[in-house]
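Numbering (full-length UniProt numbering), first residue to last: 1 to 70.
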């Protein structure tokens with residue numbers, strides 16, 4: 001889970017957003033209002049941070065740790 005930033009990042013070139021690394025936390029359960037797929041978020045990015053993903057918090061339920069980015 002973390003707060004999205006509406007700009008590209010070198011490690012996430014496919015999308016117009018990234019999760020701010022300083023806001024990342026791990027979760028077992030999260031409320032539905034912060035869940036979305038990567039594609040849905042990309043397609044609706046201009047609506048994010050309002051009623052869709054309030055506070056810019058994104059917690060995709062299907063997320064998983066694959067590696068650490070340094």
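Just so you know, even glycine gets a beta-carbon here, dropped at the ideal spot from N, CA and C.
Quantities reported herein were computed from a predicted structural model and do not represent experimental measurements.
- Assigned with DSSP and collapsed to three states, residue 40 falls in helix.
- Per DSSP, the continuous beta strand (DSSP E) segment holding residue 52 begins and ends at 52-54.
- Looking only at 58, 36, 37 and 65, the smallest Cα-Cα distance to residue 20 is reached by 58.
- The shortest CA-to-CA distance from residue 5 to any of 43, 48 and 66 is the one to 48.
- In this structure residue 51 is exposed. Its beta-carbon is surrounded by fewer than 16 other beta-carbon atoms within 10 angstroms.
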